[in-house]
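Report on one structure; see the data block that follows.
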Amino acid sequence: MTHPDPARRRTPLHCGWQLHLRHGAPGAPADLQHQAIDAVVPGTVHTDLIATGHLADPNVGTREDEQHWIGASTWSYATTIAAPAEQGERTELVFEGLDTHAEVFLDGVRLGETKNMHRRFRFDVTGLLSHAEHRLEVVFHPIMAEVDRVREDVGIMPAVEATHYPYVRKMACNFGWDWGPVFITAGIWRPVLLDTWSVAALDDPVLLATIDGDDGVLRMAATVRSAGAEADLQVRVRVDAHPHSGGGNLPGDGAGGHDGGAHPGAHRTTAQVRGDRVETEVRVPQVRPWWPVGMGEATRYPVTIELCTADGQVLDRVERRVGFRTVELVQEPDAHGVGFQTVINGRAVNARGFNWIPDLPFPSAIGAERYRRRLDQALAANANTLRVWGGGIFEPAEFYDACDERGLMVWQDFLFSCAAYPETPWFREEIEAEARQAITDLSHHPSLILWNANNECLMGYDEWGWKEILDGRPWGAHYYGELLPSLVAELDPSRPYIPGSPNSGDLTTSPNADERGPSHLWDVWNELDMVAYRDRTPPFAAEFGFCGPPTHATLRAAVPEGELTLDNPVVRHHLRAENGVHKLNSRIGEHFPGVATDDDWLWIAQLHQARALVLGVDHLRSLPRCTGALVWQLNDCWPVISWAAVDSEERLKPLWYALRSAFAPQRLSVQPRDGALVLAAVNDSGQPWSVTATVRRVAFDGTEHASTEVALEVPVAGTAQVALPAQIATPGDERAELLVIEAPGAERTTWFWARDTELAYPRAGWDTQVHQAEDGVDLVVTAETLVRDLTVFPDRLLDADGDPLPASAVASRALITLLPGEATRIRIPGAGPEHAEALMTRPVLRAANDIEELAPAR
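In the working numbering, the protein residues as written are 690 to 1547.
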């Protein structure tokens, strides 16, 4: 039997675009005004100018300061489009994303104006497309003019970092941040298409997949738009009986031509359309749940939704994958205040992971493969959670699909960060439309487990002097306390909502107290030494971090000349932390000496960052009440000295290796408690952990002074701790001894009693051998002395053209501590025998005690 194609057609309009400079701001090249520049859509003005050679790489040196004219200019994107091959009753021009203040023209006729980067916009062009050539043009106006207009209307809205972003609905970090550049973008940054349909179309399906007993329950609600006359319509929903776990090709939105056909074992239902809404439910018996990584399979089921006429003609089809699971946020009183426990499918799960920022300053340039690489790096670091930060964007489907596949849980911020926001009627309408779209678009993703209203806006209002500046003016409380929770309750009651991060339960309580709610631990780094992490006892740590430089190859590409130290003004240009030079020098100086060379400075600064976060994560995870530790941040968007574990060129910093260890599902660490030392065990493995650990007190020369065995029973998503006996916990010489902790199934850890500058380190001595391996080389290092934090830097190896090895040349291990006589093997893919000599010494092979100022030759 042959079935006709459904009526709906979605035709991408990504070809033939040209970019024109309509009005150049001061600094614009004089000859650019009259040029037609080939443009890529989706894209931005910046990426088009770079691709066509009109703009040098703004990541290099201080070139960032030479491109601000771009964001102050008026630009036009134009192309020629034709009438759709098959005309329908309704034709709409759909822009998935316009950045940001834009006017849309068809054959010179203005269709409308947009001022929100985060929304989808539709323009009805029914009857306007009748021949082969129509000129479509989008004019982008300088966003700063809109900033000035709104600021004049609403008054000063306090904000940290760049102060422009609260006045417009644009990615906040475009205006700069303490880890990012000022690239004020413009362009058609998401797809544009012609949407042609007849009779009716299915819009905005919300899919909520939960579990009731052993059954999966899929609730579907959608809007049905009519093209004209009323029709007798129904919606058919089918859930395939054969689920998928992990990766695989994902179905996209779209229409097909069949009527559902025979799908043995599929679960389906049909519902009549009433007015412009339809709601229905499908039950899937004996469903296989979606689980976070480490707790089970990330199982998803294909779903097809079809809008049909009474005689079965398919008018529209949408395809998704859903994962059946339940999410609860349990906030019950505990001995210190109120807890903050995530529960998935009835089982407590603790969060380990990172905050996520836009992975490039130009998000349209981030493809699905780059998203997968970055998320695989998070997964390989033993993360199970990412928090999508509110100063960026709602990421595209590729990001959430990849998280779904991998079992990575996602905290999703609404797009408010570190500022007071206007509450004018226009802002309220735009933010409601923006939030409705985000909730609807993301509702089917099982990885999304929490809606968070904002980043640090409650803390800013409470602690940063905003009340005096605002003098009673609205600042966003309506959004966080009324609008957003009501939208989540209406559209997505399957997930919890919180009014901000940090928050202490409502908008009236000091938001960053450790008694309840997620906390941000920024007094450490900004003001205090890393050891002050041990003074904090939050129920959940949603942000904390320490600054450190990127890899040498990444920083050297951005700073081609001069020493790579803070004495170089170009290096300082790539440090955006407030008062960053002082903070870096102060924090590093609390543990390490000043050094003479840039190689040593880079190594010490990276090592210090790694040490700080291991200390913080181990402390937080060892607290029985702390159910989450999300480090700021996983990724960088440009070459910068920042808090990231992965730099902008996708290279792993030492911090990444440190967190891979600290985030291990089963982890042992020594913690100071009430003047004594305890052995703490953490178990996020999904099964109870019975472990017997051996703890040895060893001199730096390898002499064992004492040893004991410690047995611990660690519950799922729990901790256990045992006080260490005096012969272990009390050193004979704290300057020259360490504890070594080993147990089956857990990575070896160590404890040093003193700071690096106080330790009597021997100068690192080792024997090295290089062996050819299938995909690279193996470096075997045998310690002749104590070797602390042995690390290989593959980015310091050069290829035949004299360029650094690519980011895929990743050392298998790093930050390894060896006692005299112990050996380790490190795999370096991409390296070859020609690198053998370089691999055996600095700057490729480093240790904490190979630095002259720490361990002078004796």
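Ideal placement from N, C-alpha and C gives every residue a C-beta, glycine not left out.
Which residue or residues does DSSP assign as beta-bridge partners of MET1098?
Here residue 1098 refers to the residue found at position 409 of the sequence shown. THR1074.
If the criterion is Cβ atoms closer than 9 Å, does the pair GLY777 and ALA918 meet it?
Here residue 777 refers to the residue found at position 88 when the sequence shown is read from its first residue. Here residue 918 refers to the residue found at position 229 when the sequence shown is read from its first residue. No; because the gap between Cβ atoms is not below 9 Å, this pair is not in contact.
At what residues does the alpha helix (DSSP H) containing CYS1146 begin and finish?
On the sequence shown, position 457 is the one that residue 1146 refers to. Run containing CYS1146: 1146-1152, per the alpha helix (DSSP H) assignment.
Are the beta-carbon atoms of PRO991 and ARG1010 separated by less than 9 Å?
Translated into the one-based positions of the sequence shown, residue 991 becomes position 302. Translated into the one-based positions of the sequence shown, residue 1010 becomes position 321. Yes. Within cutoff.
Distance between ALA791 and VAL798 (C-alpha atoms, nearest Å)
Within the sequence shown, residue 798 is the residue found at index 109, counting from 1. Within the sequence shown, residue 791 is the residue found at index 102, counting from 1. Distance between the alpha carbons of VAL798 and ALA791 is about 14 Å.
Considering only the beta carbon of each residue, do LEU1147 and ASN1215 sit closer than 9 Å?
As a position in the sequence shown, residue 1147 is number 458, starting the count at 1. As a position in the sequence shown, residue 1215 is number 526, starting the count at 1. For LEU1147 and ASN1215, no; Cβs fall outside 9 Å.
Ignoring anything shorter than 3 residues, give me the beta strand (DSSP E) runs that lie fully in the region 1219-1305, in order along the chain.
1229-1232
Counting C-beta neighbours from all protein chains within 10 Å, is the total for ALA1537 16 or more, i.e. buried, or is it exposed?
Here residue 1537 refers to the residue found at position 848 of the sequence shown. By the 10 Å Cβ count, ALA1537 comes out buried.
Assuming ILE877 and VAL827 form a contact by the criterion Cβ under 8 Å, report the distance between their Cβ atoms to the nearest whole angstrom.
Position 188 of the sequence shown, counting from 1, holds the residue named residue 877. Position 138 of the sequence shown, counting from 1, holds the residue named residue 827. Contact holds; Cβ gap of about 6 Å.
What is the C-beta distance between THR899 and VAL926, in whole angstroms, given that I count them as a contact (C-beta under 8 Å)?
Residue numbering aside, residue 899 sits at position 210 when the sequence shown is read from its first letter. Residue numbering aside, residue 926 sits at position 237 when the sequence shown is read from its first letter. With a Cβ gap of about 15 Å, THR899 and VAL926 do not count as contacting.
Given this structure, state the Cα-to-Cα distance separating GLN1020 from GLY1035, to the nearest angstrom.
For the purposes of this step, residue 1020 is taken as residue 331 along the sequence shown, with counting starting at 1. For the purposes of this step, residue 1035 is taken as residue 346 along the sequence shown, with counting starting at 1. Rounded to the nearest angstrom, the two C-alpha atoms are 14 Å apart.
DSSP has ASP901 in a bridge; who is on the other side?
Looking up residue 901 in the sequence shown gives position 212. According to DSSP, ASP901 bridges with ASP904.
Inter-residue Cα distance where the pair is HIS956 and VAL971
Counting from 1 along the sequence shown, the entry for residue 956 is found at position 267. Counting from 1 along the sequence shown, the entry for residue 971 is found at position 282. Taking the straight line from one Cα to the other gives about 7 Å.
Going by CA-CA distance only, name the one from GLN1002, GLU1431, GLU1338, ARG1424 that's closest to ALA1400.
Translated into the one-based positions of the sequence shown, residue 1400 becomes position 711. Selected option, being the one with the closest Cα: GLU1431.
DSSP state of CYS704, grouped into three classes?
On the sequence shown, position 15 is the one that residue 704 refers to. Here CYS704 sits in coil by DSSP.
DSSP has VAL1405 in a bridge; who is on the other side?
Here residue 1405 refers to the residue found at position 716 when the sequence shown is read from its first residue. DSSP lists no partner for VAL1405.
Given this structure, state the Cα-to-Cα distance separating LEU1319 from LEU1344, to the nearest angstrom.
Here the question's residue 1319 lines up with position 630 in the sequence shown. Here the question's residue 1344 lines up with position 655 in the sequence shown. About 14 Å.
Give a yes or no on whether the C-beta atoms belonging to GLY816 and THR780 are separated by under 9 Å.
The residue you call residue 816 lines up with position 127 of the sequence shown. The residue you call residue 780 lines up with position 91 of the sequence shown. For GLY816 and THR780, yes; Cβs fall inside 9 Å.
Among the residues of its own chain, which have a CB less than 8 Å from the CB of LEU1508, if the five just before and after it don't count?
Taking the sequence shown and counting its residues from 1, the one referred to as residue 1508 is at position 819. The residues are VAL1387, GLY1391, VAL1429, ALA1472, LEU1475.
Counting only runs of 4+ residues fully inside the region 776-858, write out the alpha helix (DSSP H) ranges in chain order.
832-843
In terms of residues, what are the limits of the alpha helix (DSSP H) holding VAL1027?
On the sequence shown, residue 1027 is found 338 positions in, with the first residue counted as 1. Counting along the chain, VAL1027 falls outside any alpha helix (DSSP H), and DSSP gives it neither H nor E.
Which ranges does the beta strand (DSSP E) cover as unbroken runs of at least 3 residues, wholly within the region 1367-1417, from first to last along the chain?
1378-1388, 1393-1403, 1407-1412
Are the C-beta atoms of PRO1377 and some chain D residue less than 9 Å apart?
Protein chain content of the structure displayed is limited to a single chain, and chain D is not contained in it.
Just to confirm before moving on: does the CB-CB distance between ALA1406 and ASN1039 stay below 9 Å?
For the purposes of this step, residue 1406 is taken as the residue at position 717 of the sequence shown. For the purposes of this step, residue 1039 is taken as the residue at position 350 of the sequence shown. The answer is yes: Cβ separation under 9 Å.
Apply the 10 Å Cβ neighbour rule to ASN938 and answer buried if 16 or more other Cβ atoms are within range, or exposed otherwise.
As a first step, residue 938 must be located in the sequence shown, where it is residue number 249. The predicted model places ASN938 with a pLDDT of 38, which falls under 50 and marks its position as unreliable; any figure quoted below should be read in that light. Per the 10 Å Cβ criterion, exposed.
TYR766, DSSP secondary structure in three states:
Along the sequence shown, read from residue 1 onward, the residue named residue 766 stands at position 77. Note: TYR766 maps to strand in three-state DSSP.
Under a Cβ-count criterion, where at least 16 other Cβ atoms within 10 Å of its own Cβ denotes burial, should ASP1336 be classed as buried or exposed?
What you label residue 1336 is simply residue 647 of the sequence shown in a count that begins at 1. The residue is buried, with at least 16 neighbouring Cβ atoms inside 10 Å.
Mapping the DSSP letters down to three states, classify THR1439 as helix, strand or coil.
Counting from 1 along the sequence shown, the entry for residue 1439 is found at position 750. DSSP places THR1439 in strand when its eight states are reduced to three.
Buried or exposed: where does CYS1326 fall if 16 or more other Cβ atoms within 10 Å of its Cβ makes it buried?
One-based indexing of the sequence shown puts residue 1326 at position 637. Buried, by the Cβ-count rule.
Bridge partners of GLY1042, per DSSP?
Counting from 1 along the sequence shown, the entry for residue 1042 is found at position 353. In DSSP, GLY1042 forms a bridge with THR1074, LEU1319.
Does the beta-carbon of ALA745 have 16 or more other beta-carbons within 10 angstroms, so that it is buried, or is it exposed?
On the sequence shown, position 56 is the one that residue 745 refers to. Its Cβ having fewer than 16 others within 10 Å, ALA745 is exposed.
Could you give the distance in angstroms between the alpha-carbon of HIS1167 and the alpha-carbon of ARG811?
As a position in the sequence shown, residue 1167 is number 478, starting the count at 1. As a position in the sequence shown, residue 811 is number 122, starting the count at 1. Cα to Cα, the separation comes out at about 27 Å.
Taking all protein chains shown into account, do 16 or more other C-beta atoms lie within 10 angstroms of the C-beta of ARG1041, making it buried, or fewer, making it exposed?
Your numbering for residue 1041 matches position 352 in the sequence shown. Counting Cβ neighbours within 10 Å, ARG1041 comes out buried, since at least 16 surround it.
State yes or no: is the C-beta of LEU1004 within less than 9 Å of the C-beta of ALA890?
Residue mapping note: residue 1004 aligns to position 315 of the sequence shown, counting from 1. Residue mapping note: residue 890 aligns to position 201 of the sequence shown, counting from 1. Cβ atoms of LEU1004 and ALA890: closer than 9 Å.
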